[in-house]
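Working notes for the structure below.
Residue numbers (our numbering): 66 to 359.
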C-alpha cells in the first residue's frame, strides 16, 4: 500500500496516494472517500484534515489504512468501513445487517415530518425499519412524537436500538421484531397516526443487475421485493394498513418505476388522497395516502 513508502509519511502525502488508488479503481468521489478513509484510520475528524497537512502518519496508522483501503478496493461500501453514516441531520451507526441510508429516502422523511409535526402527540409506525433512519430522523425533528420500529431482523433492530440510544431518543422509540408480510397483533389495530414504510422493492431482474457493492455486501433481506418488487405493498394493504387509525396517513418509498403501480394498490385497498411525490432528484418514488375516516 502507498503508506509503506517512507516518502509518503505525512497526512497530505498519504491522502494523495489513497486518492490515486481510488481513482485508478474508478471509485466515484475519490477525494471525499480518501479523506474519510484516512480520517477513520487516523482517528481524527475529516474536517480537521486541511489544517494538518504535515502531520506524520505512524506505522500503526498506515497498517489500519492499508486494511481499510484493501476492503474498499474489494468493493465493501464506505459506510460499512466507517461504521456510521449521516442521514437527514443525524449520524447513524450502520453495519452489514442494515441497508445503508440513502439520500433518496430523505424526501420521504421530510414528508413524514411535515405530516407528524402539526399533531399533538403522533404515534408513528416505522415498518421495515432497518437502521431506524426514518423513524429516528422524525423523532429528532418532532419532539412530541413516539415511534415503534418493526423489522423481521433482530440484528437490524439491535442497530436501530443502538442508534436510538446514541441519539438520546430511546425513551420515545420502541423496537419490535415482526414480519411486514404477516398480520400484526390485533392489539395494534387502529393504533398509529402515521405509518412510514421503506420496504424491499427490488425486482428479480433488478437483483441480477445490482452493483457489486450492493449485491455482495448489503442485506438481501432488505432488498428483494418479489418477482415484480411489489410483494410488500400488496401484503401491507391487507395487514399492517389496519394498524393505522381512520384519518391516519401512510407514506411509502418505492422503486423509480413503481410509483403509479403502488398508488393504484393503495386506491384498490380503499385508501384516499393517494398521490405520488418525487424525491429531491425529481424521481417519483414516494406514495402518500390516507385511511378514510369512515
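Where is the CB? At the ideal position from N, CA and C, for every residue including glycine. Just so we're clear, the structure is a prediction, and the values are computed from it rather than from any experiment.
Would you call the CB atoms of residue i and residue j closer than 8 Å?
i: residue 341; j: residue 325; result: yes
i: residue 308; j: residue 273; result: no
i: residue 200; j: residue 238; result: yes
i: residue 138; j: residue 105; result: no
i: residue 278; j: residue 142; result: yes
i: residue 102; j: residue 134; result: yes
Out of curiosity, what's the CA-to-CA distance linking residue i and residue j?
i: residue 169; j: residue 154; result: 14 Å
i: residue 265; j: residue 297; result: 7 Å
i: residue 9; j: residue 100; result: Because the chain in this structure spans residues 66 to 359, residue 9 falls outside the shown range and cannot be described.
i: residue 69; j: residue 113; result: Here the model assigns residue 69 a pLDDT of 43, short of 50, so the residue's position is not dependable, and the following value carries that caveat. About 23 Å.
i: residue 211; j: residue 249; result: 18 Å
i: residue 356; j: residue 336; result: 5 Å
i: residue 352; j: residue 327; result: 7 Å
i: residue 213; j: residue 191; result: 6 Å
i: residue 87; j: residue 339; result: 44 Å
i: residue 173; j: residue 156; result: 17 Å
i: residue 206; j: residue 186; result: 13 Å
i: residue 359; j: residue 181; result: 21 Å
i: residue 129; j: residue 323; result: 43 Å
i: residue 236; j: residue 90; result: 45 Å
i: residue 109; j: residue 290; result: 39 Å
i: residue 320; j: residue 120; result: 45 Å
i: residue 93; j: residue 144; result: 14 Å
i: residue 348; j: residue 234; result: 31 Å
i: residue 166; j: residue 209; result: 24 Å
i: residue 193; j: residue 111; result: 32 Å
i: residue 286; j: residue 136; result: 23 Å
What do you get for residue i, buried or exposed, if any count of 16 or more other CB atoms within 10 angstroms of its CB means buried?
i: residue 251; result: exposed
i: residue 354; result: buried
i: residue 276; result: exposed
i: residue 197; result: buried
i: residue 311; result: exposed
i: residue 188; result: buried
i: residue 115; result: exposed
i: residue 96; result: exposed
i: residue 98; result: buried
i: residue 132; result: exposed
Which same chain residues end up closer than 6 Å to residue i when comparing Cβ atoms and leaving out the 5 residues on each side of it in sequence?
i: residue 300; result: 246
i: residue 78; result: none
i: residue 346; result: none
i: residue 256; result: 308
i: residue 288; result: 265 and 267
i: residue 107; result: 126
Please return the same chain residues whose Cβ sits closer than 7 Å to the Cβ of residue i, not counting the five positions on each side in sequence.
i: residue 158; result: 148, 149, 224, 227, 228 and 231
i: residue 281; result: 140
i: residue 293; result: 268
i: residue 184; result: 258
i: residue 360; result: The structure shown has nothing for residue 360, since the chain only spans 66 to 359.
i: residue 178; result: 203, 206 and 207
i: residue 334; result: 302 and 306
i: residue 240; result: 214, 222, 225 and 226
i: residue 332; result: 339
Considering only residues of the same chain and omitting the five flanking positions on each side of residue i, which have a CB-CB separation below 8 Å?
i: residue 284; result: 161, 162, 163, 164, 218 and 221
i: residue 118; result: 75, 76 and 77
i: residue 330; result: 295, 298, 299 and 302
Quiz prompt | the stretch 233-250 / the stretch 289-308 touching (three or more Cβ pairs under 8 Å) | solution = Judged by pairs of C-beta atoms under 8 Å, the stretch 233-250 touches the stretch 289-308, as three or more such pairs exist.
Quiz item: Is the number of C-beta pairs between the stretch 212-222 and the stretch 161-168 that are closer than 8 Å three or more?
Solution: yes
Self-check item: Segment contact flag, the stretch 308-317 with the stretch 258-273, C-beta cutoff 8 Å, min 3 pairs
Solution: yes
Practice problem: Taking 8 Å as the threshold, find out whether the stretch 81-95 comes into contact with the stretch 111-124 through three or more Cβ pairs. | Solution: Contact fails: fewer than three Cβ-Cβ distances are below 8 Å.
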